[in-house]
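Numbering (the working numbering), first residue to last: 2 to 401.
Idealized CB from N, CA, C, for every residue including glycine.
These numbers come from a predicted model, not from an experiment.
Encoded as structure tokens, the structure appears first; notes follow it.
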Ligand code: PMP
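And the structure:
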């Protein structure tokens, strides 16, 4: 005790100049830019989530014991079923390993760390553009990031030819990041036909699909429809990785609940893969949090709660589709120059307006409308009341 007290007092007694900042061992630290969009909204809590939480609170048998490294077993099984389908042969054949991770981001990171350690090709192709965190997550996990053409500014739609060319010339075995549905930030998804062509091309070149599923159910309003892209790749028997997030479709943003599934060729490989996933997770955060996963598992395993969830989800998706139509109609009514049909064609939470950064800055300054500088609007933040104001702002920005 006395010796540690001496050490402490000698630290306290160390000479300091009047200005604590200049003497700090951290004084050279440069201020990092703030994340432009994190934590901007106030999403509602779903009724079904409130119900599930009530059940959990009332259950006196529940304890706060650690989960295992891979998380809540029920949650993992139900998550795999949700994305791959209740009757998925891959699940029945025990070829799928699923681990609970920290929402979509954590699932991507764990998957990427696993690939960086154990997969023979360390290059991952991501769409251009993509969610801003993708390149950072993959680079820090030890993968080398390249991009493939995805969005065509001229049509405000998919650059399908460019996509096929770029994936067609990717080195054999390369990993390809695919947005399962509701591509962020563009809202542009391949059609089922195009997905099939992408699948064939990727399988013929041995490219490994890594799906990011952050909006299942949020795009079309149907959980099965929004999982079709993933299921097509699983149905051919080849390997697939998929990162799921419950942030949007259950409104569980801050609970950080998600899952990584790796579909393998057989049960033996799947169990060896799982053993290595544990070695990735254990030194990173030991084991995942229990509350969010318990909410999800409670809802997914109860038939009534599940149905209520799908209704609430459909209502959210339909509302977004209505907002798209209202915004499109409002621009038409104002005679705003340009073709705005992409607003109703794009899918999911975001509209990639095609407005440039000057127009965005103008709208922020003159109309106090905030969006990312690439012209992406969150449709979830729009209401019938605010559509006219937004349409006025877009009209003024474009007509300038
Ligand atoms: N992927 C995409 C495409 C996203 O848009 C997001 C969230 N904006 C995420 C992953 C990750 O979200 P979370 O970690 O909150 O689940």
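message = I want to check one thing, is the minimum distance from the CB of residue 163 to the heavy atoms of ligand 1 below 8 Å?
response = Position 162 of the chain shown, counted from the first residue, corresponds to residue 163. Residue 163 Cβ: outside cutoff for every heavy atom of ligand 1.
request  = Might you give, ordered along the chain, the residues of its own chain that have their beta carbon closer than 8 Å to the beta carbon of residue 237, omitting 5 neighbours on each side?
outcome  = Your numbering for residue 237 matches position 236 in the chain shown. Counting only Cβ-Cβ distances below 8 Å, and skipping sequence neighbours, we find 200, 204.
task = State the CB to CB distance for the pair residue 209 and residue 176, rounded to an integer number of angstroms; the pair is presumed to be in contact (CB under 8 Å).
result = Mapped onto the chain shown, residue 209 falls at position 208. Mapped onto the chain shown, residue 176 falls at position 175. So it is a contact: roughly 5 Å between Cβ atoms.
inquiry  = Threshold first: 3 residues or longer. Then list the beta strand (DSSP E) segments lying entirely within the stretch 193-246, N to C.
reply    = 209-214, 241-246
inquiry  = Quick check: does the Cβ of residue 48 come within less than 8 Å of any heavy atom belonging to ligand 1?
reply    = The residue you call residue 48 lines up with position 47 of the chain shown. Checking the Cβ of residue 48 against ligand 1 gives no.
request  = Write down the C-beta distance between residue 231 and residue 258 rounded to the nearest angstrom, noting that I regard them as a contact closer than 8 Å.
outcome  = Counting from one through the chain shown, the residue named residue 231 turns up at place 230. Counting from one through the chain shown, the residue named residue 258 turns up at place 257. With 8 Å as the limit, residue 231 and residue 258 do not qualify as a contact, their Cβ atoms being about 19 Å apart.
ask   = Any heavy atom of ligand 3 within a distance shorter than 8 Å of the CB on residue 187?
value = With respect to ligand 3, the structure offers nothing, as its ligand set consists of ligand 1.
inquiry  = Quick check on residue 384: buried or exposed, where buried means 16 or more other Cβ atoms within 10 Å of its Cβ?
reply    = As a position in the chain shown, residue 384 is number 383, starting the count at 1. Exposed is the call here.
ask   = How big is the Cα-Cα spacing for residue 382 and residue 29?
value = To locate residue 382, count along the chain shown from 1; it is residue 381. To locate residue 29, count along the chain shown from 1; it is residue 28. Those two C-alpha atoms are separated by around 39 Å.
request  = Pull up the DSSP beta-bridge partners for residue 399, would you.
outcome  = As a working mapping, residue 399 is identified with position 398 in the chain shown. According to DSSP, residue 399 bridges with nothing at all.
query = Name the DSSP bridge partner or partners of residue 149?
reply = Start at 1 with the first residue of the chain shown, and residue 149 comes out as number 148. Beta-bridge pairing links residue 149 to 128.
ask   = Who are the Cβ neighbours of residue 310 in its own chain at under 6 Å, not counting the five residues just before and after it?
value = The sequence position of residue 310 within the chain shown is 309, counting from 1. 49, 300, listed in sequence order.
message = To test your reading of the DSSP string, which unbroken beta strand (DSSP E) runs of 3 or more residues are found completely within the stretch 298-356?
response = 351-353
ask   = Would you call residue 256 buried or exposed, if buried means 16 or more other Cβ atoms sit within 10 Å of its Cβ?
value = Within the chain shown, residue 256 is the residue found at index 255, counting from 1. It counts as buried.
query = Hey, out of 353, 386, 295, 394, whose CA is closest to residue 155's CA?
reply = Here residue 155 corresponds to residue number 154 of the chain shown, with the count starting at 1. Answer by Cα proximity: 353.
key: Test item: CB-CB of residue 125 and residue 144 under 9 Å   = For the purposes of this step, residue 125 is taken as residue 124 along the chain shown, with counting starting at 1. For the purposes of this step, residue 144 is taken as residue 143 along the chain shown, with counting starting at 1. Yes, the Cβ-Cβ distance between residue 125 and residue 144 is below 9 Å.
message = Here's the rule: buried if 16 or more other CB atoms are within 10 angstroms of the residue's CB, otherwise exposed. What is residue 108?
response = If you number the chain shown from 1, residue 108 lands on position 107. Buried is the call here.
ask   = Rounded to the nearest angstrom, how far is the Cβ of residue 142 from that of residue 110, given a contact under 8 Å?
value = Residue 142 sits at position 141 when you count from the first residue of the chain shown. Residue 110 sits at position 109 when you count from the first residue of the chain shown. Going by Cβ atoms, the distance from residue 142 to residue 110 rounds to 6 Å, so yes, they are a contact pair.
task = If I'm right that residue 84 touches residue 274 with Cβ under 8 Å, what's the distance once you round it to whole angstroms?
result = Your numbering for residue 84 matches position 83 in the chain shown. Your numbering for residue 274 matches position 273 in the chain shown. Incorrect: roughly 17 Å between the Cβ atoms, too far for contact.
ask   = Sorry if obvious, but does the Cβ on residue 65 come closer than 8 Å to a heavy atom of ligand 1?
value = Walking along the chain shown from the start, residue 65 turns up at place 64. The answer is no for residue 65.
task = Measuring alpha carbon to alpha carbon, tell me which of 266, 212, 336 ends up nearest residue 113.
result = As a working mapping, residue 113 is identified with position 112 in the chain shown. Ranking the options by Cα distance to residue 113, first place goes to 212.
task = Can you have a look at residue 95 and say buried or exposed, based on whether 16 or more other CB atoms are within 10 angstroms of its CB?
result = Within the chain shown, the letter at position 94 stands for residue 95. Result: exposed.
inquiry  = Classify residue 2: buried if its beta carbon has 16 or more other beta carbons within 10 angstroms, exposed otherwise.
reply    = Here residue 2 refers to the residue found at position 1 of the chain shown. Residue confidence is low: residue 2 scores 37 on pLDDT, short of 50, so the model does not pin down where it sits. No coordinate-derived value is stated.
task = Please confirm whether any heavy atom of ligand 1 lies closer than 8 Å to the CB of residue 104.
result = Position 103 of the chain shown, counting from 1, holds the residue named residue 104. Flag set: Cβ of residue 104 near ligand 1.
query = Would a C-beta distance cut-off of 9 Å place residue 98 and residue 262 closer than the cut-off?
reply = The sequence position of residue 98 within the chain shown is 97, counting from 1. The sequence position of residue 262 within the chain shown is 261, counting from 1. Yes, these two residues count as a Cβ contact at 9 Å.
ask   = Roughly how many whole angstroms lie between the Cα atoms of residue 185 and residue 347?
value = On the chain shown, position 184 is the one that residue 185 refers to. On the chain shown, position 346 is the one that residue 347 refers to. Their backbone Cα atoms lie some 11 Å apart in a straight line.
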